[in-house]
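Chains as they are written, first to last, in my numbering: chain A, -11 to 127; chain B, -11 to 127; chain C, -11 to 127; chain D, -11 to 127.
4 protein chains.
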Amino acid sequence: MTLKMDVPGLQAFLARDFGQVAEDFRVERVDADGLTLRLRVAERHLRPGGTVSGPSMFGLADVAMYLAILSRIGPVALAVTTNCAIDFMRKPQAECDLLAHARVLKLGRSLAVGDVMIFSEHQPDPVARASLTYAIPPK
Amino acid sequence: MTLKMDVPGLQAFLARDFGQVAEDFRVERVDADGLTLRLRVAERHLRPGGTVSGPSMFGLADVAMYLAILSRIGPVALAVTTNCAIDFMRKPQAECDLLAHARVLKLGRSLAVGDVMIFSEHQPDPVARASLTYAIPPK
Amino acid sequence: MTLKMDVPGLQAFLARDFGQVAEDFRVERVDADGLTLRLRVAERHLRPGGTVSGPSMFGLADVAMYLAILSRIGPVALAVTTNCAIDFMRKPQAECDLLAHARVLKLGRSLAVGDVMIFSEHQPDPVARASLTYAIPPK
Amino acid sequence: MTLKMDVPGLQAFLARDFGQVAEDFRVERVDADGLTLRLRVAERHLRPGGTVSGPSMFGLADVAMYLAILSRIGPVALAVTTNCAIDFMRKPQAECDLLAHARVLKLGRSLAVGDVMIFSEHQPDPVARASLTYAIPPK
């Protein structure tokens, strides 16, 4: 399998197409097995009590899988999320970035499916797990 | 069934416990059938192309169900989301608020389950559908 | 909206295309709002302890939604389930049929989405809730 | 981590508590990483067209995760499935057993969460992926 986008290409895509949220994320790794995306946790991602908010974790999973798919099909820019199932399993650490590991499990002509495991950095147990489906528009 | 919190009570809870995001939301209705929550769509909720972002819709569904549960059990403040399955079905209108209708389907001792249907205001077809599970801490 | 299949048409489709499981099910109602399917609960659907098994409830939800979609698009026979999220909320009664109420929420060119609520007959509270997505093959 | 049940113990549990469906399944492996369960595909698991039915795959995922949890907590027998999200990604081969690889991602006091990847034997790409939550009753 040849990747169509590398780390700098994906990061540039983020900056161009995701506007102000792009600075929240950093692509750490992309290869045939998948992609790792960092959420630079800041005040605006937190809920009272000091934990990372659910929407921030959902957004992290969604962007990680989106970029993992683009790394395979190139910057077509139009895949849309059709479904996400997410399990919140442990409270993330507040003073700690989150790392999302995304895997593409199926890349069909019209649908792509994958899953994402999210960790607080340096912690062994996942804080959340998500599976996502994207519709790929016809060429 | 007697509700333990009404619209002003829920709105005050939001303002106190959800800090800066509270102003995004307005409780429109709460009764024995469920709760309607409005997302006042603003620039920060949009994705390029003018559509409401996935994390904004996820957050709307999550807060709507959270408040619907609290309206039944009172402001215990500690229920946490353990699972969400969400289907994104249509592109929301950008110049338009979103309305989330939440129903509590089960309210057990340790788990609560419900679903949420999200509409662009004045549109007949739902833009998204979510089901959510919350863990209720032991007293 | 004009339905393309009525109750006898759907029941005949079941008998022809679902072989031995067809006799488990009876279409009770189909209209613009959706479809109600009965699972005639028998010994083979039960788990020890006298409750209806998870796979039996999954199958009921899946067939109910499948038929609800066919009632709209006609007997194209080839839609496949791509995703299901199911919540098991209460123990079904063993000596009791199950009724599944299916709604089609989106019927697009390539994807259909709907949800299903399952009840033990004559009981007010749902035993399970499911949402399902189907891929519709190109013509 | 010490496992509380090994392959023969789990297989005996299946035979005793799952009655007639027990013969459908064979535990292939259990260790600290998870459990592999085989579905011995037979005529009764097939849909017209020769593919394994959705309920059969759902049941395989459910039993695999159930046994993976029991291998950790012992034969308490009362955990119940509260939620399952399943993606059907490829058509299984009909003349071929299915293998389900289950991982326990969280084992809390009241909830256990895990995921399952299902393959047709000897095929590299998964046919389905599921995540499941179980309620663990208080002691």
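Cβ coordinates follow ideal geometry from the N, Cα and C atoms, glycine included.
Ranked by how close their Cα comes to the Cα of Lys94 (chain B), the residues B:Gly22, B:Met(-7), B:Arg28 and B:Gly(-3) have B:Gly22 in first place. Boundaries of the beta strand (DSSP E) around Phe76 (chain A): Val68 to Phe76. Taking every protein chain shown into account, the CB of Thr(-10) (chain A) has fewer than 16 other CB atoms within 10 angstroms, so this residue is exposed. With contacts defined as CB atoms closer than 8 Å, Phe1 (chain D) and Leu58 (chain D) qualify as a contacting pair. Along the segment 7 to 19 of chain A, the positions whose C-beta sits under 9 Å from a C-beta of chain B are Gly7, Gln8 and Val9, read in chain order. The beta-bridge partner set that DSSP reports for Val92 (chain D) consists of D:Gly102. Excluding the 5 residues flanking it on each side, Val101 (chain A) has same chain C-beta neighbours closer than 6 Å at Leu93, Lys94 and Thr121, in chain order. For Val15 (chain B), the pairing in a beta bridge is given by DSSP as B:Leu25. Annotation for Gln81 (chain B): Ser108 place their beta carbon closer than 6 Å to its own, counting only its chain and skipping 5 residues before and after. With a threshold of 8 Å between beta carbons, Ala118 (chain B) makes no contact with chain D.
By the rule that beta-carbons nearer than 8 Å mark a contact, Thr(-10) (chain B) does not touch chain C.
About 7 Å separates the CB atoms of Ala118 (chain D) and Asp103 (chain D); that is less than 8 Å, so the two are in contact. Leu55 (chain C): member of the alpha helix (DSSP H) spanning Gly42 to Ile61, first to last residue. Judged by DSSP in its simplified three-state form, Leu(-9) (chain D) adopts coil rather than helix or strand. Exposure of Ala3 (chain C) is indicated by the presence of fewer than 16 other C-beta atoms within 10 angstroms of its C-beta. The three-state secondary structure of Arg32 (chain C), taken from DSSP, is helix. Within the model, the alpha-carbon separation for Ser44 (chain D) versus Arg17 (chain B) is close to 43 Å.
One thing to note: Phe46 (chain B) has its Cβ no nearer than 8 Å to the Cβ of Cys84 (chain B).
Looking from the CA of Ala56 (chain A), the closest CA among A:Ala88, A:Arg35 and A:His33 belongs to A:Ala88. In summary, the residues of the segment 83 to 104 of chain B whose CB is separated from some CB of chain C by less than 7 Å are Leu93, Lys94, Val101 and Asp103, in the order they occur in the chain.
Distance from the CA of Lys(-8) (chain A) to the CA of Ala67 (chain A), rounded to the nearest whole angstrom, comes to 16 Å. Taking 8 Å as the cut-off, the beta carbon of Ala90 (chain A) is found closer than this to the beta carbon of Leu25 (chain A). Annotation: Cβ neighbours of Asp75 (chain D) in chain C (cutoff 8 Å, chain order): Thr70 and Asn71. One thing to note: Leu(-2) (chain D) has its Cβ no nearer than 8 Å to the Cβ of Leu48 (chain D).
Of the candidates A:Thr69, A:Ser98 and A:His110, A:Thr69 places its Cα closest to the Cα of Ala52 (chain A).
Minimum Cα-Cα distance from Pro126 (chain A) among the listed residues A:Leu99, A:Val29 and A:Arg78 corresponds to A:Leu99. Of the candidates C:Ile61, C:Gly7, C:Leu34 and C:Thr39, C:Gly7 places its Cα closest to the Cα of Pro36 (chain D). Per DSSP, Ala10 (chain B) lies in no beta strand (DSSP E) segment and is marked neither H nor E.
Here the alpha carbon of Lys79 (chain A) sits roughly 25 Å from the alpha carbon of Met77 (chain C).
Of the other Cβ atoms in all chains shown, 16 or more fall within 10 Å of the Cβ of Pro114 (chain B); this residue is therefore buried. Residues of chain C whose Cβ lies closer than 9 Å to the Cβ of Ala49 (chain A) do not exist, since the nearest Cβ in that chain is about 15 Å away. Asp50 (chain D) places its beta carbon 8 Å or farther from that of Gly96 (chain C). Apart from sequence neighbours up to five positions away, the residues of its chain that approach His33 (chain A) with a beta-carbon distance below 8 Å are Asp12, Leu27, Val40, Ser41 and Ser44, ordered along the chain.
Taking Ala10 (chain D) as the centre and dropping the five residues before and after it, the same chain places the C-beta of Leu2 and Ala3 closer than 6 Å to its C-beta, in chain order. The alpha-carbon separation between Asp19 (chain D) and Arg60 (chain D) amounts to approximately 10 Å. Secondary structure at Ala116 (chain B): strand, using DSSP grouped into helix, strand and coil.
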